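Undergrad: One structure, as structure tokens, below. Some questions next.
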């Protein structure tokens with residue numbers, strides 16, 4: 010095992026009107042040819058595949074309560090680059106949500122022209 014390897018989790022979180030970027034070092038437990046097994050301070054153990062280092066992972070499965078987040082694992086020298094990429098990725102996600110919401114608003118504004126009504130009645134058997 011190469012104990013000189015230091016891995017950091019860089020996380021970006023936007024909640025309502027605040028942006029928080031966190032950097033936390035994770036302890037290396039085991040290294041194989043394919044992955045690193047690492048541990049956080051709160052005792053979580055995670056396997057990070059080497060090809061996934063520096064790849065931003067989306068933590069937001071569904072937008073709710075004004076919260077969007079993502080993260081990546083990287084080496085010490087890549088932290089500043091990853092912070093910048095995470096912020097860019099968060100901005101892109103927000104833009105995508107806004108575009109979808111504008112389409113929804115457009116559908117509501119033109120609801121008389123394009124609306125589809127479904128009337129479902131109960132069948133008695």
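Numbering (the working numbering), first residue to last: 10 to 134.
In this text, a Cβ means the ideal position worked out from N, Cα and C, and glycines have one as well.
It should be emphasised that the depicted structure is a prediction, and the values quoted were computed from it without experimental measurement.
1. To which residues does DSSP link residue 76 through a beta bridge?
2. When the Cα atoms are used, what is the spatial distance from residue 29 to residue 16?
3. Any chance you could list the beta strand (DSSP E) runs of at least 3 consecutive residues sitting entirely within the segment 32-115, in chain order?
4. Just how far apart, CA to CA, sit residue 96 and residue 37?
5. When you compare each of 102, 55, 115, 39 to residue 69 by their alpha carbons, which one comes out closest?
6. When you compare the segment 77-91 with the segment 59-67, are there three or more beta-carbon pairs, one atom per stretch, that lie closer than 8 Å?
7. Grouping DSSP H, G and I as helix and E and B as strand, with all else coil, what is residue 16?
8. State the Cα-Cα distance for the pair residue 78 and residue 90, rounded to the nearest angstrom.
9. With 16 other CB atoms within 10 Å as the buried threshold, where does residue 47 fall?
10. Could you give the C-beta distance for residue 18 and residue 33, rounded to a whole number, given that I count them as a contact under 8 Å?
TA: The short version:
1. By 1-based counting over the chain shown, the position of residue 76 is 67. Answer is 24, 73.
2. As a first step, residue 29 is located in the chain shown; it is residue number 20 there, counting from the start. As a first step, residue 16 is located in the chain shown; it is residue number 7 there, counting from the start. The alpha-carbon atoms of residue 29 and residue 16 are separated by roughly 20 Å.
3. 44-48, 54-58, 76-84
4. Position 87 of the chain shown, counting from 1, holds the residue named residue 96. Position 28 of the chain shown, counting from 1, holds the residue named residue 37. Near 26 Å, if we compare the C-alpha coordinates of residue 37 and residue 96.
5. Translated into the one-based positions of the chain shown, residue 69 becomes position 60. Of the candidates 102, 55, 115, 39, the one whose C-alpha sits nearest the C-alpha of residue 69 is 102.
6. Judged by pairs of C-beta atoms under 8 Å, the segment 77-91 touches the segment 59-67, as three or more such pairs exist.
7. As a position in the chain shown, residue 16 is number 7, starting the count at 1. The three-state secondary structure of residue 16, taken from DSSP, is strand.
8. In the chain shown, counting from the first residue as 1, residue 78 sits at position 69. In the chain shown, counting from the first residue as 1, residue 90 sits at position 81. Between residue 78 and residue 90, the C-alpha separation is close to 17 Å.
9. As a working note, residue 47 is residue 38 in the chain shown. Buried, since its Cβ has 16 or more Cβ neighbours within 10 Å.
10. Looking up residue 18 in the chain shown gives position 9. Looking up residue 33 in the chain shown gives position 24. So it is a contact: roughly 5 Å between Cβ atoms.
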